[in-house]
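Peer 1:
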Amino acid sequence: MRGASALASLVAAAAVALLLLIDGCGGAMYKVGDLDAWGIPPPSKPDVYSRWAKSIHFALGDSIWFLYPPSQDSVVQVTPVAFAACQASDPVLKLDDGNSVFNLTTPGRVYYISAAPGHCRKGQRLAVDVPMANGTYLPPTANDLAAFAPMPAEAPAGFESAALGPAGSRQSAAPRAAAAGGAGSVLLAALAFAVFLL
C-alpha cells in the first residue's frame, strides 16, 4: 500500500511541476492601451498607443489583447510600409472578432492598425518592439524608420500632385521615401524615429 501511495504522490508532484513549468513558459498578456476598448484615441491623448507601448517591456512569448466592438472595428497586423500609409488592404494578419489576441513570437517591431475606414489616420495604430530572448532589441530597419515619418495630410478632392503613384493611384510620402532609398530619405526617417522615441 505504501508503494501505491508513494507513486501517487510522485505523479501528483510531477503534475504540479509540469503545470508550473508550462505556466512559467507562457508570457504575459497586455490589454492594448489599458483602455476600455481599442478605438480612436481621444483628442486629449492622441499618442495614447505609442505612450502605452513605450511603457511596457515586452518579451518573446507575450501577447497583446485588443478589445473592441466587432461590428465597428477590427485590428490588422501590417508591414512597416502599410503602417506608414495606414493601408489595411493587404494585412499580414487580420482579426475582427472583437476580442483579438496577437502572440509576440518574433523579435523586432510589429505593427497594428485599425482596418475601419479613417481610424488609423486618426491615431488608431500601434507599433510594438519585441526584444530577442536575451533582452536586446534589433536595430530598426529602413522600413521601420520610414514607418514613423509624418503622415501626409489628405489632399482636397481632385487635387493632382507628385503624390500620385503608378497609373494615377495615391501613394503616401513614406512609401515613396522608402522606395527612393536615398540618403536624404533615410536621414529624414531617422530624424522622425528619434522624435518618436522622445
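Numbered by mature numbering (1 follows the signal peptide of the UniProt record, and there is no 0), the letters in the sequence shown go through residues -27 to -1, 1 to 171 in order.
All C-beta atoms in this analysis are idealised placements derived from N, C-alpha and C, irrespective of residue type, glycine included.
Using alpha carbons as the reference points, say which of His30, Asp9 and Asp35 lies closest to glycine -1.
Peer 2: Here residue -1 is taken as the residue at index 27 of the sequence shown, counted from 1. Nearest option by C-alpha distance: Asp35.
Peer 1: What residue range does the alpha helix (DSSP H) around lysine 27 cover?
Peer 2: Numbered from 1 along the sequence shown, position 54 holds the residue referred to as residue 27. Taken as a continuous stretch (DSSP letters only), the alpha helix (DSSP H) holding lysine 27 covers 21 to 27.
Peer 1: Measuring straight from C-alpha to C-alpha, what distance separates glutamine 45 and valine 54?
Peer 2: Within the sequence shown, the letter at position 72 stands for residue 45. Within the sequence shown, the letter at position 81 stands for residue 54. Distance between the alpha carbons of glutamine 45 and valine 54: 25 Å.
Peer 1: Which residue marks the beginning of the alpha helix (DSSP H) containing leucine 118, and which one marks its end?
Peer 2: Along the sequence shown, one-based indexing puts residue 118 at 145. Residues 115 to 120.
Peer 1: So, is serine 62 buried or exposed, given that buried needs 16 or more other C-beta atoms within 10 angstroms?
Peer 2: Residue numbering aside, residue 62 sits at position 89 when the sequence shown is read from its first letter. Exposed, because fewer than 16 other Cβ atoms sit within 10 Å of the Cβ of serine 62.
Peer 1: Could you name the residues of the same chain whose beta carbon sits closer than 7 Å to that of leucine 68, not counting the 5 residues immediately before and after it, in chain order?
Peer 2: Walking along the sequence shown from the start, residue 68 turns up at place 95. Contacts found: Ser47 and Val48.
Peer 1: What residue range is occupied by the uninterrupted beta strand (DSSP E) comprising valine 83?
Peer 2: Along the sequence shown, read from residue 1 onward, the residue named residue 83 stands at position 110. Valine 83 -> beta strand (DSSP E) spans 81 to 86.
Peer 1: Less than 8 Å between the beta carbons of phenylalanine 56 and alanine 100, yes or no?
Peer 2: Within the sequence shown, the letter at position 83 stands for residue 56. Within the sequence shown, the letter at position 127 stands for residue 100. Cβ distance < 8 Å, so phenylalanine 56 and alanine 100 count as in contact.
Peer 1: Compute the Euclidean distance between the alpha carbons of residue 177 and lysine 27, then round it to the nearest angstrom.
Peer 2: With the chain represented from -27 up to 171, any question about residue 177 goes unanswered, as that position is not in the structure.
Peer 1: With distances taken from CA atoms, which of Pro14, Lys4 and Pro15 is nearest isoleucine 29?
Peer 2: Taking the sequence shown and counting its residues from 1, the one referred to as residue 29 is at position 56. It is Lys4.
Peer 1: Taking alanine 57 as part of the beta strand (DSSP E), name the residues at either end of that continuous run.
Peer 2: Residue mapping note: residue 57 aligns to position 84 of the sequence shown, counting from 1. Alanine 57 -> not in any beta strand (DSSP E); alpha helix (DSSP H) instead, spanning 53 to 58.
Peer 1: Roughly how many angstroms lie between the CA atoms of glycine 12 and threonine 109, to the nearest whole one?
Peer 2: Numbered from its first residue, the sequence shown carries residue 12 at position 39. Numbered from its first residue, the sequence shown carries residue 109 at position 136. Whole-angstrom Cα-Cα distance: 31 Å.
Peer 1: Of all the options Gln97, Gly71, Asn76 and Cys59, which has the alpha carbon lying nearest to the alpha carbon of proline 43?
Peer 2: Counted from its first residue, the sequence shown places residue 43 at position 70. Of the candidates Gln97, Gly71, Asn76 and Cys59, the one whose C-alpha sits nearest the C-alpha of proline 43 is Gly71.
Peer 1: Which residues in the same chain have their Cβ closer than 6 Å to the Cβ of proline 14, if we skip the five residues on either side of it in sequence?
Peer 2: Locating residue 14 in the sequence shown gives position 41, where the first residue counts as 1. The answer, listed in chain order, is Val21 and Gly96.
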